[in-house]
Every structure is written in C-alpha cells, then in structure tokens.
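Each residue of the sequence shown is one higher than the last, beginning at 271 in the numbering used here. See structure below.
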Amino acid sequence: MRLSTGFWQTFKEVPADAEIASHRLMLRAGLIHKSGPGLFNYLPFGLKAISKIEKIIREEMEKAGSFEILMSVVTPGELWKESGRWDLMGDLMLKIKDKGERDLCISPTNEEAVVDIFRKSVKSYKSLPLNLFQINTKFRDEIRPRFGLMRGREFTMKDAYSFHIDKSCLDKGYQIMYEAYENIFNRLGLEFSVVEADGGAMASGEAKTHEFQVLAKSGEDEIIYCKETGYSANIEKAQTKRVNLNLNFDLAPLSKVETKGKQSIQDVCQFLGLPEEQSLKALVYKLIKGDEESFIMVIVHGDDQLNDVKLLNYTSADHITPATDKELLDLNLVKGYMSPLAEGNFTKVIDESINSDAFFVIGSDVEDFHQLNFNIKRDLPDSTYSFADLRTAKEGDQTLDGLGTVKIKRGIEVGHIFQLGDKYTKGLDVQILDNQGKTVYPLMGCYGIGVTRIVAAAIEQNHDERGIVWPKSISPYDIHLVRLAKKKETEAIVDDIYQELRDEGFSVVYDDRKAGAGFKFKDADLLGLPIRVVFGERDYLQEGAIEIIVRKTNEKIKIPKSSLIAKIKELWSSL
Ligand code: ATP
Ligand code: MG
C-alpha cells in the first residue's frame with residue numbers, strides 16, 4: 271500500500287474523552303473515527319487489524335469443530351418474549367418497531383436466535399454435540415460507553431453456542447473451547463489470565479464459567495489472584511477468607527454512645543478508638559423480580575465492601591439497587607445510623623465472615639448515636655436472619671484452603687466461556703430425543719470473544735510514548751518501508767524493494783510521500799508496524815546500505831541490499 275495514494279491520516283490532537291492510551295493512539299494513528307457515543311467507523315488500518323483477529327479466531331474455532339453461521343443482527347421481539355428476556359434485558363437492549371408495529375431488537379447477544387435455529391433443525395441426540403459460531407455486530411446501549419473500542423455500544427463479537435445431550439458431553443465441549451481460547455489468545459500475542467467468573471444465580475456450583483482477561487493497568491475488571499495456590503477469579507465472584515481480624519470478645523452490655531457529626535465508619539471508629547473491623551454496617555437494597563419489589567438489609571464488616579453481584583445471585587432478583595432516601599424513610603430506617611437490630615418490612619442477611627461470638631459497634635436507628643457491644647448470638651433472634659458470603663474479596667485475604675494470600679490485578683475481559691445448562695432450551699421449551707427415546711432438554715454452553723475490544727486490549731499492552739507496538743500476528747501490515755530520497759533515479763530501487771518484500775509474502779506500507787524524515791518517522795512510530803525499512807538516499811549511494819529498525823526494541827541494523835530479505839525474515843521469525 272503506497273501512502274502517496276493511500277487513505278490514511280494521522281492526528282496530533284485527540285478529544286479529551288480519550289482517556290486511555292489505546293483510545294488515544296487508535297484515534298491519532300487514524301485507525302478509527304468516532305461516529306457517535308460508543309459508535310465507531312473502522313478505517314483501513316483499523317479494519318486490517320480486526321480482520322486479522324477474526325481470521326485467527328475463525329481458524330481456531332473451525333479447528334475445534336465449530337461451524338460458522340451468521341445470524342440476523344435484528345431479531346424479532348417475539349423470541350425474546352418467549353424466553354422472558356424482553357423485559358429482563360432492560361435498556362441495555364435497543365428495541366425498535368417496524369412499520370407494522372412489530373417489536374424488534376438489535377441483538378445484544380444471540381442465545382434465543384441460536385436456539386431457534388437449533389429447534390428448527392435438530393430432533394435427536396444423534397446430531398449432538400453441536401457447536402455453532404458467528405462473528406457479528408452486537409449492540410448494547412451501555413450506561414457508560416468509554417475507552418473507545420474497549421466499551422463501545424456497537425461492537426464485533428465472536429459468539430459461539432454449543433448443544434449437548436448431557437453434562438459430561440457439555441464438560442467435554444467446554445474443555446475443547448477452553449483450549450481453543452488459549453490457542454487464540456496465544457496466537458494473538460496477548461498476555462492473559464484465565465479466571466473463574468461469575469455464573470449468575472442460575473449457575474449451580476457445577477456450572478463452569480471462565481473469563482479470559484488481558485492484563486493491563488487500565489482494565490475495568492479486578493482479578494483476585496494467589497501466587498501460592500494459583501487461584502484466580504474475577505472479584506465479582508472471588509471467595510476468600512478474612513484473616514488476622516482484631517476482634518473483641520469481652521462480654522459487655524449493649525450500650526448507646528453519642529457520635530454526633532460522625533457519620534462515616536472511619537469517623538465513628540476513630541472517635542471511639544476502635545479498629546474499623548470491630549464495627550458492622552447495615553446496607554439496604556431494593557430487590558426487583560418481575561413486577562415484585564422487596565427489601566433486604568445486608569450486614570458487613572465496617573471495613574468491607576458489599577459485593578453487588580453476590581447479593582444479586584443470593585437473592586435471585588432480576589435487578590437490585592440501593593434503597594433511596596425515600597424508601598429508607600418509608601421503611602422507618604434512619605439513614606447513616608441503621609443497625610442490624612432494626613425491624614421492618616425487609617429480610618436480613620449477614621456476611622458469613624462476621625463472627626457471631628464477637629462484639630461490635632453498630633448504628634442505633636436514631637440519629638447521632640451508635641451502640642457498643644452488639645453480639646449476634648445474644649442480641650439477634652436466630653430466625654430473623656441468615657448468613658451468606660456477600661463481601662468483596664480484598665488484598666491480604668487468604669484463599670479458602672488457607673494456603674495462600676491473595677492480591678489484586680486489573681484485566682480487560684476479552685473472552686468469556688459459560689456453561690448455560692438448560693436455561694434457554696427450557697426457556698424456549700426445546701426438547702429432543704435421547705438414546706432411550708426419552709425427550710430431554712439439551713444442555714448449552716456459550717462462548718464469547720470481544721473482537722473489537724481485543725484491538726484496544728492489544729494496544730493497551732503494547733505501546734510506548736511514541737505510539738503503537740503491534741504484536742506481529744495482528745499488525746495491520748508487516749513492514750513500513752520509508753523512502754528518504756530526492757533523486758529520481760533511486761525511485762526504481764525502492765520500488766524494487768517494495769515489490770521484493772511483497773513477493774516474499776510480507777504486507778508492506780510504502781511511505782513514498784513527498785515529506786521529510788522527521789514527519790515520516792513520527793508517523794511510522796505512531797502506526798507501530800513491527801519492522802521498518804528505511805531507504806536513505808545518502809547511505810545507499812555512499813555505502814550501499816539500507817537500515818532496518820525493529821519497532822519493539824528500537825534495534826537498528828544497517829545492511830547491504832543483497833542481504834535485506836534474509837535479515838528481515840530472520841528478524842520476523844524472532845518477533
Ligand atoms: P462486560 O462485563 O465487560 O460488560 P460482558 O460480561 O457483559 O462484558 P459478555 O456478554 O460476556 O460481556 O460478552 C462476550 C464478550 O464481548 C466479552 O467478554 C467482551 O470481550 C465483549 N464485550 C462485551 N461488551 C462489550 C462492549 N460494550 N464493547 C466491546 N466489547 C464488549
Ligand atoms: Mg462476560
């Protein structure tokens with residue numbers, strides 16, 4: 271591709287909302303244009319990288335026995351109503367009506383649609399296992415689209431769905447996908463971790479689900495991991511043990527203490543001269559399930575955070591939200607001073623890390639006062655509460671087996687594999703015959719990869735202050751050939767090199783523009799192709815030398831034209 275006639279432009283400035291490196295670099299390097307919030311146009315170089323990612327995914331999915339299909343991006347509302355997700359998806363799903371007033375949506379995911387394909391074609395166990403995949407556009411009306419392709423509203427996903435006659439078949443299919451994903455992310459040149467993920471309320475302990483996380487400081491996800499034991503899980507799901515708690519077991523009566531003006535746990539505990547772990551906080555959430563609403567009070571240690579995902583799963587609600595001031599008032603609760611002793615129209619659940627023999631500071635259900643020496647066993651009737659794991663794991667916790675200490679790192683979720691079980695086949699009432707002639711609901715797995723998110727994740731992991739440093743497997747082109755020459759007679763020599771490199775199978779961007787070295791080098795650094803070949807007229811005419819620069823290491827090698835191809839091949843295979 272010759273830049274003199276190509277379609278490419280770089281930019282010095284980027285909008286202020288481009289907060290992270292990959293977003294800035296993709297805009298500056300002319301890979302994408304924003305067309306609206308969370309919406310992007312992919313330009314030639316950006317699209318090339320996306321296509322390379324798709325090719326690798328396609329090859330590995332096919333190798334793993336999956337068949338490629340392409341489902342309509344617009345799906346009929348009927349299907350979603352049948353499964354019950356038309357309402358459940360909330361405003362994440364973009365709903366539209368056609369001119370006949372029929373409900374449609376722009377697919378945020380395709381479980382319903384694939385089950386519809388399945389029920390029209392498969393009647394017996396003989397066709398199973400079956401794995402279908404597509405690489406297609408999705409639309410999710412995200413609350414906060416941001417970070418460019420990392421969290422778009424319209425994005426490209428590879429989604430695969432598998433069907434199985436029983437759990438052991440599902441386990442086998444899941445393992446095949448797990449390994450295919452490892453191959454894909456290795457081939458993409460990404461540094462990643464596989465972590466246990468949240469399976470939702472549906473997933474029993476038996477249902478496996480893992481996320482493939484690209485490690486990067488800018489990642490939106492937190493991963494709990496333990497070097498000693500190898501445990502790693504998304505913080506949404508991570509279960510750990512609190513250790514070294516400084517607890518109080520001194521028997522003493524419950525007593526009120528004035529804490530006027532001290533609202534935060536930190537302030538109250540500092541004022542009382544107690545460590546925060548000797549306090550409990552009460553939080554109230556509204557649970558929404560179908561048309562029904564109810565409330566729950568959750569008790570956690572003062573220095574712990576409630577894990578919303580765990581609470582959602584525990585309650586099996588469709589949605590949960592913290593109770594508003596008005597709702598607290600209606601429940602006769604005093605904001606900022608709620609205690610586990612409060613009673614009313616709500617259920618109560620206590621985080622299971624809380625020791626029911628210990629004594630704690632709690633609210634008093636009256637403004638400006640707290641209470642000392644609350645003890646679960648003594649002060650709360652057994653029948654009024656239950657225990658559950660609801661806290662967010664944190665650094666310094668121990669793994670459940672007690673064999674290691676956990677830390678937190680950040681990741682970008684680029685893939686997610688999930689055992690769905692019979693959720694959708696039951697939901698859409700799809701049964702087939704097993705080998706005994708009995709009708710059964712087949713089990714499903716689903717397997718997603720964020721194709722466009724991978725471009726952003728790869729750049730997050732591979733860039734420097736000058737620009738992108740592409741992993742060779744997904745670089746838009748292989749070689750950036752720069753011609754620094756004024757004399758007409760050298761033009762044919764560089765054209766020759768351009769041709770020779772392409773004959774060897776390399777894809778080449780040829781900077782044959784009329785511009786200075788500084789300008790061309792800046793653009794080349796920004797675009798970040800793995801190898802740069804610089805034809806400098808003076809060097810060539812005086813020494814017969816051509817320069818090769820490796821983008822990643824900045825290694826510079828001067829070499830005679832006759833050895834150029836061999837050297838490039840050697841460097842390429844070492845990258
Ligand atoms: P997240 O937690 O990041 O919102 P998710 O768990 O909702 O993602 P899945 O339903 O598991 O996403 O979708 C499969 C894959 O699609 C994800 O692993 C991710 O790589 C990608 N993906 C999801 N949402 C987006 C988005 N808004 N923009 C780009 N890629 C996305
Ligand atoms: Mg996910």
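Beta carbons are placed, not taken as given, at the ideal position from N, Cα and C, and that holds for glycine. Keep in mind the model is a prediction, meaning the values are calculated, not measured.
Could you tell me which residues DSSP puts in a beta bridge with residue i?
{"i": "Ala815", "result": "Pro830"}
{"i": "Asn504", "result": "Ile493"}
{"i": "Val527", "result": "His640"}
{"i": "Gly306", "result": "Leu309"}
{"i": "Val848", "result": "With the chain represented from 271 up to 845, any question about residue 848 goes unanswered, as that position is not in the structure."}
{"i": "Val676", "result": "For Val676, which the question treats as bridged, DSSP gives no partner whatsoever."}
{"i": "Thr510", "result": "Thr669"}
{"i": "Gly685", "result": "Phe482, Ile719"}
{"i": "Ile624", "result": "Ile624 pairs with nothing; no bridge assigned."}
{"i": "Phe703", "result": "Position check: residue 703 holds Leu in this sequence, whereas Phe was assumed. Partner(s): Ser394, Thr709."}
Using the Cβ count rule (16 or more neighbours within 10 Å means buried), how would you classify residue i?
{"i": "Ser336", "result": "buried"}
{"i": "Thr594", "result": "exposed"}
{"i": "Gln261", "result": "Summary: the structure shown does not reach residue 261, with the chain confined to residues 271 through 845, and so no result is reported for it."}
{"i": "Gln641", "result": "buried"}
{"i": "Lys793", "result": "Before going further, note that residue 793 is Asp rather than Lys in the sequence given. With 16 or more other Cβ atoms within 10 Å, it is buried."}
{"i": "Pro378", "result": "buried"}
{"i": "Ala486", "result": "buried"}
{"i": "Leu582", "result": "buried"}
{"i": "Leu559", "result": "As written in the sequence, residue 559 is Lys, which differs from the Leu given in the question. When all chains shown are included, Lys559 counts as exposed."}
{"i": "Val570", "result": "buried"}
{"i": "Thr275", "result": "exposed"}
{"i": "His589", "result": "exposed"}
{"i": "Phe403", "result": "buried"}
Could you spell out the range, first to last residue, of the beta strand (DSSP E) harbouring residue i?
{"i": "Lys333", "result": "Careful: Lys333 lies outside any beta strand (DSSP E), inside the alpha helix (DSSP H) at 314–333."}
{"i": "Asp621", "result": "617–621"}
{"i": "Asp781", "result": "778–781"}
{"i": "Ala658", "result": "656–658"}
{"i": "Ile632", "result": "630–633"}
{"i": "Gly806", "result": "801–806"}
In three-state DSSP terms, what is residue i?
{"i": "Ala755", "result": "coil"}
{"i": "Glu665", "result": "coil"}
{"i": "Met714", "result": "strand"}
{"i": "Ala430", "result": "strand"}
{"i": "Val764", "result": "helix"}
{"i": "Thr215", "result": "In the structure as shown, the chain starts at 271 and stops at 845, and residue 215 therefore has no counterpart that could be examined."}
{"i": "Gln279", "result": "coil"}
{"i": "Ile855", "result": "The first residue shown for the chain is 271 and the last is 845, placing residue 855 beyond what the model contains."}
{"i": "Arg421", "result": "strand"}
{"i": "Ile744", "result": "coil"}
{"i": "Arg416", "result": "strand"}
{"i": "Arg821", "result": "coil"}
{"i": "Asp520", "result": "coil"}
{"i": "Arg272", "result": "strand"}
{"i": "Met835", "result": "Note that residue 835 is Ile in the sequence shown, not Met. It is helical."}
{"i": "Leu841", "result": "helix"}
{"i": "Leu603", "result": "coil"}
{"i": "Leu611", "result": "coil"}
{"i": "Asp773", "result": "helix"}
{"i": "Asp287", "result": "coil"}
{"i": "Asp734", "result": "strand"}
The alpha helix (DSSP H) with residue i in it runs from where to where?
{"i": "Gly788", "result": "787–797"}
{"i": "Lys596", "result": "595–600"}
{"i": "Met296", "result": "291–298"}
{"i": "Val721", "result": "721–731"}
{"i": "Ile446", "result": "437–457"}
{"i": "Ile646", "result": "646–649"}
{"i": "Gly697", "result": "693–697"}
Against chain B, does residue i count as a neighbour if the rule is that its beta carbon must be under 7 angstroms from one of theirs?
{"i": "Met359", "result": "Checking the listed chains, one finds no chain B in this structure; it contains a single protein chain."}
| said: Report the start-end ranges of each alpha helix (DSSP H) in the stretch 335–412 that is 4 residues or longer and not cut off at the edges. | reply: Listed in chain order, the complete alpha helix (DSSP H) runs (minimum 4 residues) inside the stretch 335–412 are 347–353, 355–358, 381–391.
Q.
Going residue by residue through the stretch 537–592, where are the continuous beta strand (DSSP E) segments of at least 3 residues, counting only ones entirely within it?
A. Fully enclosed beta strand (DSSP E) runs of 3 or longer: 550–559, 562–571, 589–592.
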